[in-house]
Each structure stands twice: as structure tokens, then as C-alpha cells.
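Number of protein chains: 2
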Amino acid sequence: MHKATTIFPHPPSIITSAAVGGKKEHEGPYGDRFDKINDDPYFTAETFEQGESQLQKQAVRIALEKADLKEDDIDVLIGGDLLDQCVGTTYGLRDYHLPFIGIYSACSTMSEGLLLASMLTAGGFAGRAMAVSSSHFCTAERQYRMPLNYGGQRPPTSQWTATAGGALAVSAEGGPPYVRGATIGRIVDMGVTDANNMGAAMAPAAYSTIRDFFEDTKLSPADFDHIVTGDLGKVGSRLLWQLGDNEGLDLRSTHLDCGLMIYDSDKQDVHAGGSGCGCAASMLCGYFIPELRQGRLKNILFAATGALLSPTVSQQGESIPSVSHLVWLSSDKE
Amino acid sequence: MHKATTIFPHPPSIITSAAVGGKKEHEGPYGDRFDKINDDPYFTAETFEQGESQLQKQAVRIALEKADLKEDDIDVLIGGDLLDQCVGTTYGLRDYHLPFIGIYSACSTMSEGLLLASMLTAGGFAGRAMAVSSSHFCTAERQYRMPLNYGGQRPPTSQWTATAGGALAVSAEGGPPYVRGATIGRIVDMGVTDANNMGAAMAPAAYSTIRDFFEDTKLSPADFDHIVTGDLGKVGSRLLWQLGDNEGLDLRSTHLDCGLMIYDSDKQDVHAGGSGCGCAASMLCGYFIPELRQGRLKNILFAATGALLSPTVSQQGESIPSVSHLVWLSSDKE
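Top to bottom, those sequences are chains A and B.
Using my numbering, read the first sequence as starting at 1 and increasing by one per residue.
Using my numbering, read the second sequence as starting at 335 and increasing by one per residue.
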């Protein structure tokens with residue numbers, strides 16, 4: 001048996017978090033949870049990619065400010081995004097000149113970053129570690145699908161990449177919420193080849209990790225207020241519930257999906273829901289962490305979900321491997 | 335002051351490593367150090383990208399076999415590569431179905447992976463952690479520069495992306511070599527915009543990390559057999575020495591660069607040297623680790639170097655940020 005799950009004997013703290021977004025995210029049901037809204041998709045820069053970098057730069061700066069921390073108070077930045085060679089992150093964070101760990105986990109980046117930040121601080125390798133991620137509708141569309149100007153039709157299973165970002169800092173010492181545990185996800189590929197149906201590709205990965213966590217810990221869904229996935233959307237969420245049903249694991253009652261939270265799917269014309277690294281990152285940093293800090297939520301599992309395809313290999317006919325990393329967040333230390 | 339450098343009180347062991355390569359790497363000065371050579375750039379697959387995935391799959395399998403380990407003996411795989419969305423890694427490793435941490439650090443991937451594998455095992459979060467990386471001349475050329483069929487001329491400062499891969503496993507218990515310490519690199523961008531001169535872009539990042547290590551540890555270059563960089567090549571290596579000279583740090587005497595080792599630059603028509611994640615990974619796994627294990631080398635610093643650009647942002651006129659992560663490897667535990 002693999003040691004996929006870690007339970008922290010001394011759970012590290014999430015000492016600050018910040019969420020930033022764009023106009024459409026502001027108009028969604030959690031619009032007032034963003035610390036900063038950017039109405040201009042260029043973020044006053046010249047290209048969408050430069051705009052996405054601003055999301056990360058802003059999220060880190062605001063997260064620092066909210067905890068009255070200086071840049072030098074952070075020992076390591078851990079970040080990634082969806083863009084080729086993760087340039088949203090590297091160009092967004094280069095001005096901070098802090099020790100930097102680059103990660104790639106598609107839309108599961110924020111849970112991988114939080115998981116690593118927790119291990120590095122709990123292991124004594126960093127005093128404070130910051131995790132950050134972002135996505136941008138305009139950079140993702142032209143990279144994965146078509147230039148926006150092409151005006152391509154989006155099929156009903158497609159999801160809308162959020163223009164959003166999130167950053168959080170973890171420390172060995174501090175108040176709630178606490179990172180009680182984490183499960184490192186495995187790559188799961190069930191043969192889905194439709195790059196316009198990410199939810200279906202990612203649901204089995206989310207289920208694999210959630211099941212690993214429950215098997216490893218002997219806990220059950222009833223121990224949690226919510227089991228939160230990243231961006232399964234309408235299609236992937238139903239599949240996740242069914243996968244649970246098949247094995248007698250009730251996920252329906254407690255499940256929330258950030259992709260179904262960030263937009264009003266019916267009114268905002270996003271088809272199957274939201275997606276992108278920034279979707280789960282902003283809902284975690286803007287909503288779930290503050291709710292846990294205030295004690296309005298007690299325990300959640302946060303399992304962001306990532307589809308590990310590239311346009312190149314998709315066009316070569318490959319199926320879509322996916323991964324989902326999970327963290328257990330709690331308002332209590334034990 | 336940042337805690338960029340970790341010195342492990344109980345240094346973890348590198349218990350196995352494997353290097354795989356292609357035809358040109360076999361013809362280089364260290365050709366006999368590869369555990370497997372693939373003469374076919376397609377690796378009997380249909381596309382170059384599928385070929386690159388085979389490099390990672392092979393490296394992991396051979397590293398396991400050499401230590402008589404089964405797949406299940408590994409708790410976590412940590413991997414990345416240069417391809418958009420790191421598909422060399424995700425498609426190469428999906429069949430292992432092991433807990434997987436995706437990383438992106440361009441050609442510094444192997445030192446970031448080794449650094450994280452060391453921290454996860456030393457921190458007790460994994461029993462055995464495996465780091466893996468690869469690059470492939472044919473996938474990199476068409477992604478970063480031109481389709482091979484175009485037959486573009488390569489300028490004298492350009493480097494040849496190695497078709498190679500490496501994998502290693504780290505454990506809290508075991509024999510030499512030991513991972514004594516690690517320094518997490520900072521992003522450094524000195525304004526170089528020439529995507530055909532990666533050595534110049536990366537040298538300042540390598541210097542920043544090497545200087546951080548010496549400042550943090552109070553050790554000096556004389557304490558090491560070699561200071562090894564990843565793929566600075568001829569141009570970047572000279573710049574690194576000059577940066578050291580400017581501050582009275584003699585790097586010339588002990589410096590080796592994997593990009594200058596893997597090929598015979600004069601005879602093999604590679605201009606400024608080799609490059610790619612697989613260059614540093616294969617020289618580390620095929621040459622340095624075995625030399626340290628045998629005690630023929632006592633102490634080295636391994637600082638692979640990564641240029642964090644993407645073709646998209648390069649074409650937008652952006653300069654090239656770089657990063658270099660460093661690990662201190664030793665034949666002695668203390």
C-alpha cells in the first residue's frame with residue numbers, strides 16, 4: 001500500500017489568503033468574496049498573458065498585505081498555471097525574487113501547491129510557504145481551443161475558464177484553518193478523448209483520490225461539512241456521484257464543486273460550469289478559507305482536479321489523463 | 335534573510351538511478367554511462383511526443399530494476415519536462431498509477447525534483463520518492479523553434495536539446511550518495527531576450543543560487559570536487575565564471591557543465607553545447623551519482639538551470655526569466 005495520505009501530527013496553519021478575479025467572476029454568486037476585481041481583461045498590460053501574470057502578482061501582494069507580512073517574511077513561493085511553460089506564474093512572480101518552486105498540475109495546481117506548502121512547513125524546510133495559481137479565459141481559449149476572434153461555438157459539455165487567481169500562505173504556527181492532512185493524487189486516464197468535456201475526464205481522478213483518502217484514514221463523508229472538487233462542472237459532478245454510488249460511498253450529500261459555484265451556470269452562459277486553476281484557487285482563498293477561519297465551516301476536503309492534456313497530444317488523438325490532489329482543512333487543530 | 339538553503343540533519347540517500355538516451359548521446363563522451371540507448375527518435379511510437387514519454391517510462395522502470403524495487407515500493411513520483419503542459423511526463427508516467435507530483439522548472443527540473451524528493455522523505459511524508467525528467471531534441475525543436483523539416487540554421491550560441499532522461503529514487507535510509515543540503519532557486523531575469531542564447535539567460539540564475547548556498551552555509555568552492563551546472567553551455571559557463579570573478583568567488587577551478595559534458599561540442603556539431611531537462615538528468619543519474627556511490631567523487635553541488643520562457647511570450651518580446659535549484663550530494667553522511 002502506498003503512503004498517498006499524510007496526516008499531520010502538528011497541523012500547519014493557513015495564515016492568510018487572497019482571491020482576485022475579473023468582471024464575469026464579480027458578477028457570479030461569490031462576486032463579493034474577491035479581494036480585487038479587474039474589469040479589464042488586459043489588466044492594463046498589452047497582452048492577455050501579461051494580464052494573467054498580474055493575477056498572480058496581485059494575489060500574492062494582497063495575501064501578504066492582509067496578514068501584514070512583508071515579501072521577506074515568505075521563505076518559498078510555490079506556483080503554477082495552465083499556460084505553456086507556466087508563464088503566468090514565472091512572469092507574475094519574477095519581481096518577488098523569492099525562492100520559487102514551479103509546479104504543474106493543471107487545474108489541480110492549488111491543491112498541489114497547498115499540499116507541498118504544508119509539507120515544507122510541517123517538515124521544517126520553510127517557515128512560511130506561499131502557494132499561488134491563476135487562470136485567464138482569454139489565454140486559455142486561444143491556447144487550448146481557438147483564438148477568441150474566431151467566435152467558435154462552445155458545446156454544452158464545455159466549461160468556462162475563470163479569469164481568477166488565488167494565493168495563500170502556510171506556517172507551522174498560527175490560528176485556523178489548519179491543514180490536517182493531504183492525499184497525493186494518482187494519474188487516472190479512463191480513455192476520454194473529448195477536450196471539450198474536461199469534467200468527464202477528471203471525475204475518475206477526483207474519485208480515485210477521495211477514495212484513497214477515506215481508505216487511508218478510515219474517515220467517511222459524514223465527517224465533513226463539504227467535499228469540494230475543483231472544476232468538475234455539471235457533467236463531471238454527476239459522474240463523481242455515480243462512481244461513489246457504485247461503491248457505496250455517498251458523495252452527493254456533501255459535495256460542492258468550485259466550477260458550479262463561481263458562476264450562475266444558467267444566467268451567465270457558461271454551459272457546464274467554470275474551470276481553470278483560478279476557479280478552485282479563488283473559491284478556496286476567497287470563500288472556504290475565510291469560512292473555516294470564522295468557524296462557520298468545521299471540516300472540508302478540498303480536491304482540485306486537473307486535466308493533464310496538451311493541444312498537441314490531443315490533436316494526435318491521445319486520451320486525457322487527469323489528477324486530483326486533496327487537502328483536509330479544518331477549523332480545529334485536532 | 336530567506337531560508338533558501340536546507341541542510342538535512344539526517345541526509346536522505348539516493349538509492350538508485352538510471353539514465354536513458356538517444357543515438358547522439360550514445361556517441362558522446364559519456365555514451366557508455368547510459369543504461370539504455372534508443373536509436374529510433376520515435377521510440378517505435380508514432381509521434382516524437384510519444385517517444386519522449388518512453389524516455390520517462392524507461393528511466394523509471396530501469397531505476398526500479400537496478401535496485402530490485404517494485405512499482406509499489408515507491409510512494410510518490412515527482413516529474414516534469416519542457417513540453418507544453420508537461421505531457422512527456424504525464425503520458426510517460428500514467429501507467430504507473432502512483433501518487434504523482436507534477437513540477438515545472440524547465441531544465442532545472444531534475445534538481446527541483448531531487449530537492450522535493452529529499453524534503454518529502456526527510457520530512458517523513460514519503461518512504462521512497464522518485465524524481466524523473468526528460469527532454470527530446472525533436473519535440474523541443476518544433477515546440478520552441480521550428481519544425482525539423484524546415485531545416486533552419488542554428489546560431490553559434492544555440493544549444494542542442496538532448497534526447498535523454500533520468501530517474502532516481504530517494505529514501506530516508508540507505509547508502510551513499512547522500513543529499514546533504516539543498517537551495518531553492520529564485521527567479522532571475524537580467525533582460526536577455528535572445529531565445530537562441532539560453533546560456534546567457536540562465537547563468538545569472540545559477541550564480542544567484544550558488545552564491546545563496548555559499549552565503550547560507552559558509553562553505554566554499556574548495557569544499558567540493560565539482561560545482562556542476564545543468565546546461566549553461568560555452569556561453570553561459572563563461573558568464574558564470576565572470577560573475578564569480580566579480581565577487582571574488584572562484585568557480586572556474588571546480589566547475590563542470592552537463593551541457594559541455596554530454597556531447598563533444600567540436601565533433602558533434604552542437605554549437606554551444608547540450609541542453610534540455612534530460613541533459614542534466616542523464617549526466618546526474620548516469621555519471622555523478624554512480625561516481626559518488628563508488629567514492630570516486632566526495633562532494634558535488636548539482637545546480638541544474640532552467641530558462642522559464644515560452645514561445646508565446648518570447649514572440650511578444652518578453653525577456654527570459656530563469657531559475658536554478660541546487661542540491662549538495664556527498665559520498666559521506668556527515
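No residue lacks a Cβ here, since even glycine has one placed at the ideal position from N, Cα and C.
Apart from the five residues just before and just after B:Ile-371, which ones in its own chain have a Cβ nearer than 8 Å to its Cβ?
-> Position 37 of the second sequence, counted from the start, is the residue given in the question as residue 371 of chain B. Once the five neighbours on either side are set aside, the close Cβ partners of B:Ile-371 are Val-354, Gly-355, Gly-356, Lys-357, Glu-359, His-360 and Gly-365.
Give a yes or no on whether the minimum CB-CB distance between B:Gln-388 and chain A is below 9 Å.
-> Start at 1 with the first residue of the second sequence, and residue 388 of chain B comes out as number 54. Not one chain A Cβ lies under 9 Å of B:Gln-388.
Can you say whether A:His-10 is buried or exposed, counting buried as having 16 or more other CB atoms within 10 angstroms of its CB?
-> Here the question's residue 10 of chain A lines up with position 10 in the first sequence. Per the 10 Å Cβ criterion, exposed.
Under 9 Å between C-beta atoms, does A:Tyr-30 make it to chain B?
-> The residue you call residue 30 of chain A lines up with position 30 of the first sequence. At a cut-off of 9 Å between beta carbons, A:Tyr-30 makes no contact with chain B.
If you check the beta carbons only, do A:Leu-114 and A:Val-327 fall under 9 Å apart?
-> Within the first sequence, the letter at position 114 stands for residue 114 of chain A. Within the first sequence, the letter at position 327 stands for residue 327 of chain A. Cβ distance < 9 Å, so A:Leu-114 and A:Val-327 count as in contact.
Reduced DSSP category for B:His-431 - H, G, I as helix; E, B as strand; rest coil | As a working mapping, residue 431 of chain B is identified with position 97 in the second sequence. Correct three-state label for B:His-431: coil.
Hey, does A:Asp-35 have any beta-carbon neighbour from chain B nearer than 9 Å?
-> On the first sequence, residue 35 of chain A is found 35 positions in, with the first residue counted as 1. Judged by the 9 Å Cβ criterion, A:Asp-35 is not in contact with chain B.
Report the rounded CA-to-CA distance for B:Thr-551 versus B:Ser-387, giving the unit in angstroms.
-> One-based indexing of the second sequence puts residue 551 of chain B at position 217. One-based indexing of the second sequence puts residue 387 of chain B at position 53. Rounded to whole angstroms, B:Thr-551 to B:Ser-387 spans 38 Å at the Cα level.
Which listed residue (A:Arg-252, A:Asn-197, A:Ser-275 and A:Cys-279) has its alpha carbon closest to that of A:Ile-320 = If you number the first sequence from 1, residue 320 of chain A lands on position 320. Closest option to A:Ile-320, Cα to Cα, is A:Asn-197.
At 3 residues or longer, and completely inside the region 170 to 235 of chain A: list those beta strand (DSSP E) runs for me, N to C.
-> 178 to 183 and 226 to 229
Residues that DSSP places opposite A:Asp-264 in a beta bridge | Your numbering for residue 264 of chain A matches position 264 in the first sequence. Residue pairing from DSSP leaves A:Asp-264 without any beta-bridge partner.
Exposure label - B:Gln-576; buried when at least 16 CB within 10 Å | Residue mapping note: residue 576 of chain B aligns to position 242 of the second sequence, counting from 1. B:Gln-576 comes out exposed.
Are the CB atoms of B:Ile-623 and B:Leu-573 nearer to each other than 9 Å?
-> Taking the second sequence and counting its residues from 1, one reaches residue 623 of chain B at position 289. Taking the second sequence and counting its residues from 1, one reaches residue 573 of chain B at position 239. Going by C-beta atoms, B:Ile-623 is not nearer than 9 Å to B:Leu-573.
Taking the CB atoms as reference points, tell me whether A:Leu-55 and A:Ile-74 lie closer together than 9 Å.
-> Looking up residue 55 of chain A in the first sequence gives position 55. Looking up residue 74 of chain A in the first sequence gives position 74. No, the Cβ-Cβ distance between A:Leu-55 and A:Ile-74 is not below 9 Å.
Cβ of B:Leu-635 less than 9 Å from any chain A Cβ?
-> Residue 635 of chain B sits at position 301 when you count from the first residue of the second sequence. No, no contact with chain A.
In terms of residues, what are the limits of the alpha helix (DSSP H) holding B:Ala-451?
-> As a working note, residue 451 of chain B is residue 117 in the second sequence. Element bounds for B:Ala-451: 443 to 456.
Please confirm whether B:Asp-584 and B:Gly-564 have their CB atoms less than 9 Å apart.
-> Sequence index remark: in the second sequence, residue 584 of chain B carries index 250 (1-based). Sequence index remark: in the second sequence, residue 564 of chain B carries index 230 (1-based). The answer is no: Cβ separation not under 9 Å.
Might you give, ordered along the chain, the residues of its own chain that have their beta carbon closer than 6 Å to the beta carbon of B:Glu-581, omitting 5 neighbours on each side?
-> What you label residue 581 of chain B is simply residue 247 of the second sequence in a count that begins at 1. Nothing listed; no residue qualifies.
Would you mind sorting A:Lys-70 into buried or exposed? The rule is 16 or more other CB atoms within 10 Å of its CB.
-> Residue mapping note: residue 70 of chain A aligns to position 70 of the first sequence, counting from 1. Its Cβ having fewer than 16 others within 10 Å, A:Lys-70 is exposed.
Which listed residue (B:Arg-545, B:Asp-579, B:Asp-600 and B:Phe-548) has its alpha carbon closest to that of B:Gly-567 | Position 233 of the second sequence, counting from 1, holds the residue named residue 567 of chain B. Nearest option by C-alpha distance: B:Asp-600.
Give the straight-line distance between the Cα atoms of A:Tyr-42 and B:His-589, rounded to the nearest whole angstrom.
-> Here residue 42 of chain A refers to the residue found at position 42 of the first sequence. Here residue 589 of chain B refers to the residue found at position 255 of the second sequence. Approximately 44 Å between the Cα atoms of the pair.
Which of the three DSSP states, helix, strand or coil, is assigned to B:Leu-660?
-> Residue numbering aside, residue 660 of chain B sits at position 326 when the second sequence is read from its first letter. Three-state result, B:Leu-660: strand.
Taking the alpha carbon of B:Tyr-512 as the point to measure from, which residue in B:Ser-442, B:Ser-554, B:Ala-503 and B:Arg-520 has its own alpha carbon closest?
-> Within the second sequence, residue 512 of chain B is the residue found at index 178, counting from 1. Checked all of B:Ser-442, B:Ser-554, B:Ala-503 and B:Arg-520; the closest Cα to B:Tyr-512 is B:Ala-503.
Test item: CB-CB of A:Thr-109 and B:Leu-417 under 9 Å = Numbered from 1 along the first sequence, position 109 holds the residue referred to as residue 109 of chain A. Numbered from 1 along the second sequence, position 83 holds the residue referred to as residue 417 of chain B. For A:Thr-109 and B:Leu-417, no; Cβs fall outside 9 Å.
Per DSSP, the bridge partner or partners of A:Phe-302 = Translated into positions along the first sequence, residue 302 of chain A becomes position 302. A:Val-228 and A:Val-327, per the DSSP bridge assignment.
Say whether chain B places a C-beta atom closer than 9 Å to the C-beta of A:Cys-86.
-> The residue labelled residue 86 of chain A in the question sits at position 86 within the first sequence. So, interface residue.
Output, in chain order, the set of chain A residues within a Cβ distance shorter than 8 Å of B:Phe-434.
-> Within the second sequence, the letter at position 100 stands for residue 434 of chain B. Neighbours of B:Phe-434 on chain A, chain order: Ile-184, Gly-185, Arg-186, Ile-187 and Val-323.
Neighbouring residues, chain A, relative to B:Tyr-484 (Cβ below 8 Å) | Taking the first residue of the second sequence as position 1, residue 484 of chain B is located at position 150. Under the 8 Å cutoff, chain A gives no residues; its nearest Cβ is about 17 Å from B:Tyr-484.
In whole angstroms, what is the alpha-carbon distance linking A:Met-1 and B:Tyr-430?
-> Taking the first sequence and counting its residues from 1, the one referred to as residue 1 of chain A is at position 1. Taking the second sequence and counting its residues from 1, the one referred to as residue 430 of chain B is at position 96. Here the model assigns A:Met-1 a pLDDT of 45, short of 50, so the residue's position is not dependable and the matter cannot be decided.
CA-to-CA distance, B:Tyr-425 to B:Ala-535, given in whole angstroms = Here the question's residue 535 of chain B lines up with position 201 in the second sequence. Here the question's residue 425 of chain B lines up with position 91 in the second sequence. Cα-Cα distance, rounded: 30 Å.
Distance, Cα to Cα, B:Leu-411 vs B:Ile-349?
-> Numbered from its first residue, the second sequence carries residue 411 of chain B at position 77. Numbered from its first residue, the second sequence carries residue 349 of chain B at position 15. Taking the Cα positions, B:Leu-411 is about 14 Å away from B:Ile-349.
Whole angstroms is fine: what's the gap from A:Asp-81's alpha carbon to B:Phe-342's?
-> As a position in the first sequence, residue 81 of chain A is number 81, starting the count at 1. As a position in the second sequence, residue 342 of chain B is number 8, starting the count at 1. Between A:Asp-81 and B:Phe-342, the C-alpha separation is close to 30 Å.
Would you please state the rounded distance, in angstroms, between the beta carbons of A:Gly-123 and B:Gly-509? I believe it to be under 8 Å.
-> Reading the first sequence from its first residue, position 123 is the one you call residue 123 of chain A. Reading the second sequence from its first residue, position 175 is the one you call residue 509 of chain B. Rounded, the Cβ-Cβ distance is 23 Å, inconsistent with contact.
Hey, is A:Ala-162's beta-carbon within less than 9 Å of any beta-carbon in chain B?
-> Here residue 162 of chain A corresponds to residue number 162 of the first sequence, with the count starting at 1. Not an interface residue.
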